[in-house]
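Engineer:
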Amino acid sequence: MLANLRQSIADWIFRARFPETSPVTLVQRRIFILPSKEGYVFALVLLVLLVASINYALSLGFILTFLLAAMGSVAMLHTWRNLAHLRIRPGRGDSVFAGDTAHFAVVIESPVRERFAVGLRRRDEEPVFADIAEREATTVGIAVKAGRRGRLKCGRVEIYTRYPVGLFHAWSYFDFGQGVIVYPRPDPSAGPPPSRSVSESGEGVPIPGEDDFHHLREYRQGDPLRHVAWKALARGDQLLTKEFHATASGELWLDWNDARAADPEARLSFLAHWVIECERIGLRYGLRIPGVSVPPDRGESHRARCLEALALHGEGAPR
Amino acid sequence: MSAAIPNAALDARGVMWLLGAMLFVVAPHLARMPEWVGAFFVLMVAWRGWVAWRARHFPMRWVVFLLTVAAAAGTFLQYGRLFGRDAGTTLLILMAAMKLVEMRTSREVLLAIHLGFVLVMTNFLYSQTIPMGIYMLACVWIFVATLVGYQRGMGRPATVAERLVPAGKLLAQALPLMVVLFVLFPRVTGPLWALPQDARAGLSGLSDTMTPGNISKLIQSEATAFRVEFDGDIPAYQWLYFRGPVLWAFDGRSWRMSEFSPAAALEYPKAERPVKYAMTVEPHGKHWLFALDVPGTLPPGVSARHDLQLRSVRPVDARLRYEMTSYLDYRFGEKLPAGFREFALRFNTWQNPRTIALGRQWAAENPDPRRVIGRALQYFNSQFTYTLEPPLLESDDPYDEFLFDKKRGFCEHYAGSFALLMRAAGIPSRIVTGYQGGEINPLNRELIVRQADAHAWVEVWLEGEGWVRVDPTSAVSPNRIDSGINAALGPIGVIPSLIAADRLGILSNLRFAWDALNSQWNQWVLGYNIDRQRQFLTRLGIDALDWMTLALWLAGVSFAVAGLVSLWLVARDLPRRDPPAVRAWKRYGEKLARAGLARAPHEGPLDYLARVRAARPDLGPEAVAITERYVQARYGTGLTAPEARELAQRVRDFRPA
């Protein structure tokens, strides 16, 4: 209930502020502080102690009560100080496939003192805690489950702390408008890219044969990234490798119409799978979907461009 | 708020800290409570520790439930109830043990820590000495450190220093506010509601029986028994005998108040030196009241028994104030009815035979009772030691043991054995308990009589004189009567052999210092009640007579102190101010930036100067002067104060736009 109230207050206060420009410094007016639930229980305990002290005329009881009360109020200041003056800027966020977990990096720096147990969380999600070193950039990744393809916004992040004693909850919000691209989940049931979609130029017709196997090993040495893909492939479907190796030097058009699936999302998943496979093998491939056409090429950035096109299919142009 | 800290919070190390803190705080109780309570507690703690350390399964819920019920039932069987000081504390200890066993989430850990704070408080119900205070402060420190550990260890378990150091800082920074609250928080008179029967055990004051040993227990209590405001001068110490319960019945060990005791009018054949005063008696739960020997008037609702003991109709459950007149020079009870005489001579002949034989021997040697009394006092004076820590009298003939073997005792030993000797010698006698002496508060000329001033003396009946007060303690320790209990005992609990060995006097000085410290502690910490608060504040010049004024002061000073602490903490975080030369240089840069000549971050002062001179030749001379001074300040010999001022002035006058 308290959390909801806090959220609503924050929504109201921040309604016009987000997204904001980096870096953000947590100045005094940005930080809110309220007792945590434990803080209210603590207050209740203090009341019990006070009444007992009065009733039994216990001087040391008074001292205990007042010491704890004073400790609580000093702790409020410390909790606030644990958050104050932190400088926050967005870090890199890597694209992921739908269903995977995206990590929004946030770089936090403390101008004075090391800060402890600073938590970051998106609304209603599990927090991630970090200690923030003094005058050193500390990168914290906020994990977000990427549900569906498209643009995934990090949204407003609550940065909070309860250090040192957990009686107070000091928090602030920031939203840099950070986003990552979520690629369609590749669907292996798509099978190999249809041979029909081999480039119209006529060259590179797949020739199944065992001789090409040695030829491929050279590729692995040329490109370390592909080297990794190779290993995965070696553990995977042997038959697939053989058939495709033969067309390694070919040029392939991955076409929307060749992905025969029930609905557009499934088509995108098929195409994503093909893009990955082609890249892994080292083909030159192009992508043709309604509205977007990516000319054949290969390499990490080309792959990213293709996957991005798939991810944003049907959405607006990338910003 | 919903996101409770998951498993990380229940790391084994954190649990161990909590268990250690709990053992620490309960330890002083273990000696006070029945053995099974301690065994149960330690067992549960060990169990929980094992579960945490070896990552074992938590006990089943029904096991925990059964154990909890068993613990409550055990408490009830032990005490016959679940509330009150002993039963309540026991129950709290047992429930804390069960909480430890069943806690699984961090929230429950915090709850257990809160329980720990309450357990600290329960210790104060039993002892409020300086060592106990220090010990409990250590407990609080460990509890706070455990709290810090839970917050600190979000990512990884916190180290010992990471727990203790922040916790210690927190408590240290809390001290000023604590002192303010302690001094200014309005105190009230008496409890908010009726206390359980055993709440004041050990503080209740005198009782209706006197056994060797029970007044010396009282003597350790600095609690106020009553206060006296005299109308005029305060009589000398040796007159300050406040009469309480009068004990007639003797069973060989204890002296008791007699059940049968008709009321009497306060009429004396001789009553001189009247003293007028007002008594403010702290609640003690009994019917008797106190008055200087001998009471001359009766407050409303109070009657006097024939032995001059004042009785209130209602037990004194709340602070009671009454006005009295007493006569210091008096004679009373010249006629002793045969029944009373017989009662005042009664004793068991089969107990304390040596004492009785001695009394009879004296009576045979001295026909005059006065000589017998003198003989007895002389006897006490010659061989006996007055001590607060008398050896236990364990035999069936306690007064024989005291008079002939131990020879060390407190007022009840002297009074009891003296009265028995008198009875054996055929002199009617009775014990009077009450208070003697007190402490005069120099501020308001009030006499404060504490439980430590509890005393017992003897009244003997002499033909032609009536009842006459004899204080055998004065024969042993005249100081006790002339200057009060502290003067008589010196440092409390001195071990004679140590004193003998302490030739240089270091030990005794230490003991005196400790005694003085204790006295201050009693006076300013334990005895800081509504009266002392008023005195103290009056001395400070605060006329906080009603609690509203006090509350305002409390709020004001608390805010001021908390504000100062906050300022000190927050100020340390503020970015440090640049030295004057740097500030001037920055201002110079800002002014140029407004003129379109912003300094690039990588640009050194001399490069910047070159660019400025190229772009704005008109600014050249000033720019050169400023830059030179700045370079001198940062990279050269530094600036003298006039040079720094000159630089600041130049920058102020610099007008590039």
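Each protein sequence line maps, in turn, to chains A and B.
For the first sequence, the positions run -5 to 313 when my numbering is used.
For the second sequence, the positions run 10 to 666 when my numbering is used.
We treat Cβ as the ideally placed atom computed from N, Cα and C, and that holds for glycine.
Buried or exposed: A/G216, going by 16 or more other Cβ atoms within 10 Å of its Cβ?
Structural biologist: The residue labelled residue 216 of chain A in the question sits at position 222 within the first sequence. Because the pLDDT at A/G216 is just 40, under 50, the model does not fix this residue reliably, and the point stays unresolved.
Engineer: Can you give me the C-alpha to C-alpha distance between B/L583 and A/R107, rounded to a whole angstrom?
Structural biologist: Numbered from 1 along the second sequence, position 574 holds the residue referred to as residue 583 of chain B. Numbered from 1 along the first sequence, position 113 holds the residue referred to as residue 107 of chain A. Going by the C-alpha atoms only, they are around 11 angstroms apart.
Engineer: Would A/I270 pass as an interface residue toward chain B - the criterion being a Cβ-Cβ separation below 8 angstroms?
Structural biologist: Locating residue 270 of chain A in the first sequence gives position 276, where the first residue counts as 1. False, the Cβ-Cβ gap to chain B never drops below 8 angstroms.
Engineer: For a contact meaning CB atoms closer than 7 angstroms, what does B/A461 contact in chain A?
Structural biologist: Here the question's residue 461 of chain B lines up with position 452 in the second sequence. Near B/A461 there are no residues of chain A at all, since even the closest Cβ is about 16 angstroms away, more than 7 angstroms.
Engineer: Under the DSSP definition of a beta bridge, which residues are partnered with A/K147?
Structural biologist: As a working note, residue 147 of chain A is residue 153 in the first sequence. Beta-bridge pairing links A/K147 to A/G173.
Engineer: Below 8 angstroms between beta carbons: does that hold for B/T220 and B/R262?
Structural biologist: The sequence position of residue 220 of chain B within the second sequence is 211, counting from 1. The sequence position of residue 262 of chain B within the second sequence is 253, counting from 1. Their beta carbons are under 8 angstroms apart, which means B/T220 touches B/R262 by this criterion.
Engineer: Got a sec, what are the start and stop residues for the alpha helix (DSSP H) A/S295 sits in?
Structural biologist: Stepping through the first sequence from its first residue, residue 295 of chain A is reached at position 301. Under the DSSP assignment, A/S295 falls in the alpha helix (DSSP H) whose first and last residues are E294 to A305.
Engineer: Nearest to B/L193 by alpha carbon, out of B/R340, B/R541 and B/Y159?
Structural biologist: Residue mapping note: residue 193 of chain B aligns to position 184 of the second sequence, counting from 1. Of B/R340, B/R541 and B/Y159, the residue nearest in Cα terms is B/R541.
Engineer: Just the Cα atoms here: how many angstroms apart are B/G83 and A/Y34?
Structural biologist: Mapped onto the second sequence, residue 83 of chain B falls at position 74. Mapped onto the first sequence, residue 34 of chain A falls at position 40. Using only the alpha carbons, I get a separation of about 33 angstroms.
Engineer: Let me know if A/P289 comes out buried or exposed under the rule of 16 or more other beta-carbons within 10 Å of its beta-carbon.
Structural biologist: Position 295 of the first sequence, counted from the start, is the residue given in the question as residue 289 of chain A. Exposed is the call here.
Engineer: Could you please tell me which residues of the stretch 153 to 177 of chain B, in chain order, have their CB closer than 7 angstroms to any CB of chain A?
Structural biologist: So the list reads V153, L156, V157, Y159, Q160, R161, M163, G164 and P175, given in the order they occur along the chain.
Engineer: Determine whether the beta carbon atoms of A/F98 and A/I136 lie at a separation below 8 angstroms.
Structural biologist: Position 104 of the first sequence, counting from 1, holds the residue named residue 98 of chain A. Position 142 of the first sequence, counting from 1, holds the residue named residue 136 of chain A. Yes, Cβ-Cβ distance for A/F98 and A/I136 is below 8 angstroms.
Engineer: Would you list, in chain order, the members of the stretch 22 to 41 of chain A that have their beta-carbon closer than 8 angstroms to a beta-carbon of chain B?
Structural biologist: S30, K31, E32, V35, F36 and V39
Engineer: Kindly indicate if chain B contains any beta-carbon less than 8 angstroms away from that of A/V100.
Structural biologist: Here residue 100 of chain A is taken as the residue at index 106 of the first sequence, counted from 1. Chain B contact via Cβ: absent.
Engineer: Does any C-beta atom of chain A lie closer than 8 angstroms to the C-beta of B/A571?
Structural biologist: Against the second sequence, residue 571 of chain B aligns to sequence position 562. B/A571 counts as touching chain A.
Engineer: Kindly indicate if chain B contains any beta-carbon less than 8 angstroms away from that of A/A46.
Structural biologist: Reading the first sequence from its first residue, position 52 is the one you call residue 46 of chain A. Chain B, which has a Cβ nearer than 8 angstroms to the Cβ of A/A46, makes this yes.
Engineer: Inspect the CB distances between the stretch 108 to 120 of chain B and the stretch 137 to 148 of chain B and report whether three or more fall short of 8 angstroms.
Structural biologist: no
Engineer: With DSSP run on the structure shown, which of helix, strand or coil describes A/E259?
Structural biologist: By one-based count along the first sequence, residue 259 of chain A stands at place 265. Of the three classes helix, strand and coil, the one that applies to A/E259 here is helix, per DSSP.
Engineer: Is it the case that the Cβ atoms of B/L4 and B/Q641 are separated by a distance below 8 angstroms?
Structural biologist: No statement about residue 4 of chain B is possible, as the shown extent of chain B runs from 10 to 666 and does not include it.
Engineer: Specify the secondary structure class of B/V441 as computed by DSSP and reduced to three states.
Structural biologist: Here residue 441 of chain B refers to the residue found at position 432 of the second sequence. Strand, per DSSP.
Engineer: At a cut of 8 angstroms, does the stretch 176 to 188 of chain A reach the stretch 254 to 268 of chain A through at least three beta carbon pairs?
Structural biologist: yes
Engineer: Is the number of C-beta pairs between the stretch 267 to 274 of chain B and the stretch 308 to 320 of chain B that are closer than 8 angstroms three or more?
Structural biologist: Contact between the stretch 267 to 274 of chain B and the stretch 308 to 320 of chain B is present: three or more C-beta pairs spanning the two stretches fall below 8 angstroms.
Engineer: Does any residue of chain D bring its CB to less than 8 angstroms from the CB of A/R75?
Structural biologist: Any reference to chain D falls outside this structure, whose protein chains are A and B.
Engineer: State yes or no: is the beta carbon of B/Q529 nearer than 8 angstroms to at least one beta carbon in chain A?
Structural biologist: For this step, residue 529 of chain B is matched to residue 520 along the second sequence. Output row for B/Q529: interface = no.
Engineer: Any Cβ of chain B within less than 8 angstroms of the Cβ of A/R156?
Structural biologist: Within the first sequence, numbered from 1, the residue matching residue 156 of chain A stands at position 162. Judged by the 8 angstroms Cβ criterion, A/R156 is in contact with chain B.
Engineer: On a Cα-Cα basis, can you pick out the residue from A/Y50, A/A127 and A/L40 that is closest to A/R81?
Structural biologist: Locating residue 81 of chain A in the first sequence gives position 87, counting from the first residue. Taking only the C-alpha atoms, the option nearest A/R81 is A/A127.
Engineer: Would you kindly work out how many angstroms separate the C-alpha atoms of B/V672 and B/M25, rounded to a whole number?
Structural biologist: Because residue 672 of chain B is not part of the residues shown, which for chain B are 10 to 666, the question remains open.
Engineer: Between A/S263 and chain B, is the shortest Cβ-Cβ distance under 8 angstroms, so that the two count as touching?
Structural biologist: Locating residue 263 of chain A in the first sequence gives position 269, where the first residue counts as 1. Output row for A/S263: interface = no.
Engineer: Relative to the C-alpha of B/P588, which candidate in B/Y246, B/R643, B/I449 and B/V570 has its C-alpha closest?
Structural biologist: In the second sequence, residue 588 of chain B corresponds to position 579, counting from 1. The shortest Cα separation from B/P588 among B/Y246, B/R643, B/I449 and B/V570 belongs to B/R643.
Engineer: Should B/N357 be labelled buried (16 or more other beta-carbon atoms within 10 Å of its own) or exposed?
Structural biologist: As a position in the second sequence, residue 357 of chain B is number 348, starting the count at 1. Exposed.
Engineer: Distance, Cα to Cα, B/S136 vs B/F33?
Structural biologist: Taking the first residue of the second sequence as position 1, residue 136 of chain B is located at position 127. Taking the first residue of the second sequence as position 1, residue 33 of chain B is located at position 24. Answer to the nearest angstrom: the Cα atoms are 16 angstroms apart.
Engineer: Do you know offhand how far A/L114's Cα is from A/F168's?
Structural biologist: Position 120 of the first sequence, counted from the start, is the residue given in the question as residue 114 of chain A. Position 174 of the first sequence, counted from the start, is the residue given in the question as residue 168 of chain A. Taking the straight line joining both Cα atoms gives about 10 angstroms.
Engineer: B/F393 lies in the beta strand (DSSP E); which residues open and close that run?
Structural biologist: For this step, residue 393 of chain B is matched to residue 384 along the second sequence. Unbroken run through B/F393: none, as it is neither H nor E.
Engineer: Assuming B/R353 is part of the beta strand (DSSP E), what are its boundary residues?
Structural biologist: Working through the second sequence from its first residue, we reach residue 353 of chain B at position 344. Note that residue 353 of chain B is Ala in the sequence shown, not Arg. No beta strand (DSSP E) holds B/A353; DSSP gives it neither H nor E.
Engineer: Mapping DSSP to helix, strand and coil, what is B/R459?
Structural biologist: Locating residue 459 of chain B in the second sequence gives position 450, where the first residue counts as 1. In this structure, B/R459 counts as strand in the three-state DSSP scheme.
Engineer: For the beta strand (DSSP E) containing B/F152, list its first residue and its last residue.
Structural biologist: By one-based count along the second sequence, residue 152 of chain B stands at place 143. It is not in any beta strand (DSSP E) - B/F152 instead sits in the alpha helix (DSSP H) that spans I139 to R161.
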